[in-house]
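Reviewing the structure listed below.
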Amino acid sequence: MNHYMVNPSCLAVFLSGDESSAALNLTSGPTIIPIILNEFPKFVGILTSVYIFRMAKFYTMDTEQVIAKPWYVTLHQLADYLIHQLGGGKQTVKLSNIINLHKGGTLLFVLVLMYVYHNFSLDAWIYLALHGSYGICWVLKHLFFRDKRWERKVTWGSAIFTWFFLASYWVAPWLLISDPPLEAADSGFYASGIMLYVLGLFLMIGADGQKHFTLKFHPGLITTGMYSSIRHPNYLGEMLVYASFALISRHWISWVILVVWWALFFLPNMLMIERSVSRYPGWKAYTRQAGFLWPKW
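First residue of the sequence shown? That's 852 in this note's numbering, and the numbers climb one at a time after it.
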């Protein structure tokens, strides 16, 4: 199958503004898709740098106000700006559409990677089954019990930022499929990854479902069911799901990306939830009953 090729020298002329020589001559050379995929981690790195730069700028805007707040409140406010108001302007894009497009598109993305790199190994197929099915389950979860947080409308700047930051989750399959491990793992390794995924998916969807329907009819502090021993079972579940992806990818960069996500988003969100629900009667007793991310039995 023939692919369109772009001569790098012609592209350089085009970018230089010399219109007389700017015709993009389609000649032999590297295909466009692998170039984009190879440069993908750089785009993620740039967006991460933007996040860190904005965080540094945010901290210097009002030092006294920042110092007076817990660190996670400041970080949560920064994340809220980046996800909802980045660039200013009208907030016309529903955040759930961006998230669902990314999650639901994972199956197709991994299939494209397998086709481009001609990698149809057992590792690739297992990763496709896990991450691809997770994306489908996420979209189904959204259809049956929607999270109001994702129903907010955001600016186009925030929509683009959110898409590319979510795309950091696609680095794991890219690493696995573009540069596969030299040796195959044993059956126990794959079994461990699959078990981790199933347990995580059960916790995430089960806890989100319980939270949705409980708060719909009985607003307040949830201390029963999946929340009886763990205060954040839905977050624990999602962390286990993505940990299974990192495990199957067999690359340390996948774990670094997860640690960044957990530190910048997951932990501040969980602490903000606790800050909010601590006003309910029985909160202190509940913290003695249930662990933060690990059960108390």
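The beta-carbon is built from N, C-alpha and C at its ideal position, and this holds for glycine as well.
Candidates the options: closest to residue i by CA position
{"i": "Ser1142", "options": "Leu981, Trp1106, His1083, Gly938", "result": "Residue identity check: residue 1142 is Gly in the sequence provided, not Ser. Checked all of Leu981, Trp1106, His1083, Gly938; the closest Cα to Gly1142 is His1083."}
{"i": "Phe970", "options": "Val1111, Arg1101, Trp1025, Gly1088", "result": "The question names Phe, but residue 970 is Asn in the sequence shown. The option with the nearest alpha carbon to Asn970 is Trp1025."}
{"i": "Ile1124", "options": "Asp1030, Met1090, Gly1060, Tyr1086", "result": "Tyr1086"}
{"i": "Ala1058", "options": "Ile1081, Leu926, Gly1039", "result": "Ile1081"}
{"i": "Glu1034", "options": "Tyr1093, Arg1101, Pro1070", "result": "Arg1101"}
{"i": "Gln807", "options": "Val990, Val1110, Leu1122, Thr1074", "result": "Coverage of the chain is limited to positions 852 through 1148, which leaves residue 807 absent and any answer about it impossible."}
{"i": "Ala1023", "options": "Trp1001, Ser1043, Asp974", "result": "Asp974"}
{"i": "Lys1147", "options": "Met1077, Val1111, Lys1067", "result": "Met1077"}
{"i": "Ser947", "options": "Thr1006, Gly940, Leu929", "result": "Thr1006"}
{"i": "Asp1030", "options": "Ser972, Leu1122, Trp1001, Ala980", "result": "Ser972"}
{"i": "Ser1079", "options": "Gln1061, Phe1068, Pro1070, His1069", "result": "Gln1061"}
{"i": "Pro1032", "options": "Trp1103, Thr943, Gln928, Lys920", "result": "Trp1103"}
DSSP three-state assignment for residue i, whether helix, strand or coil
{"i": "Lys1004", "result": "strand"}
{"i": "Gly1051", "result": "helix"}
{"i": "Ile1108", "result": "helix"}
{"i": "Ile1073", "result": "coil"}
{"i": "Gly1142", "result": "strand"}
{"i": "Lys920", "result": "coil"}
{"i": "Lys1147", "result": "coil"}
{"i": "Val864", "result": "Interpretation of Val864 is limited by its pLDDT of 40, a score under 50 that renders its predicted location unreliable; the figure taken from the coordinates is listed afterwards. DSSP places Val864 in helix when its eight states are reduced to three."}
{"i": "Lys945", "result": "strand"}
{"i": "Ile977", "result": "helix"}
Cβ shell of residue i (< 7 Å), same chain only, five flanking positions each side left out
{"i": "Leu1072", "result": "Val1128, Tyr1131, Gly1133, Trp1134, Tyr1137"}
{"i": "Leu1047", "result": "Leu1091, Ala1094, Ser1095, Leu1098"}
{"i": "His982", "result": "Thr957, Val961, Pro1024, Phe1096"}
{"i": "Gly1039", "result": "none"}
{"i": "Gly1008", "result": "Leu937, Gly938"}
{"i": "Tyr1041", "result": "Ile977"}
{"i": "Thr943", "result": "Lys1004"}
{"i": "Pro1070", "result": "none"}
Whole-angstrom C-beta distance between residue j and residue i, which should lie under 8 Å
{"i": "Tyr1161", "j": "Ile1099", "result": "With the chain running from 852 to 1148 in the structure shown, residue 1161 is simply not present."}
{"i": "His953", "j": "Trp1014", "result": "6 Å"}
{"i": "Tyr985", "j": "Val1092", "result": "6 Å"}
{"i": "Pro1119", "j": "Leu926", "result": "5 Å"}
{"i": "Leu937", "j": "Phe1012", "result": "5 Å"}
{"i": "Lys1004", "j": "Lys945", "result": "5 Å"}
{"i": "Ile949", "j": "Ala1010", "result": "5 Å"}
{"i": "Tyr968", "j": "Ile1028", "result": "5 Å"}
{"i": "Tyr923", "j": "Leu1144", "result": "Actually they are not in contact, since the Cβ atoms of Tyr923 and Leu1144 sit about 15 Å apart, beyond 8 Å."}
Close-in-space but distant-in-sequence residues of the same chain around residue i (CB under 8 Å, 5 per side omitted)
{"i": "Gly955", "result": "Gly986, Ile987, Trp989, Val990"}
{"i": "Gly1088", "result": "Leu1050, Gly1051, Leu1052, Phe1053, Leu1054, Met1055, Ile1056, Gly1057, Ala1058"}
{"i": "Ser1043", "result": "Leu1098"}
{"i": "Glu1002", "result": "Lys945, Leu946, Ser947"}
{"i": "Leu1066", "result": "Ile1073"}
Own chain, CB closer than 6 Å to residue i, minus 5 neighbours either side, in chain order
{"i": "Gly940", "result": "Thr1006"}
{"i": "Trp1106", "result": "Ala1097"}
{"i": "Phe1117", "result": "Tyr1086"}
request  = Could you tell me whether the region 926-933 touches the region 986-1006, using the rule of 3 or more Cβ pairs below 8 Å?
outcome  = In short, these stretches do not touch, since the Cβ pair count stays below three.
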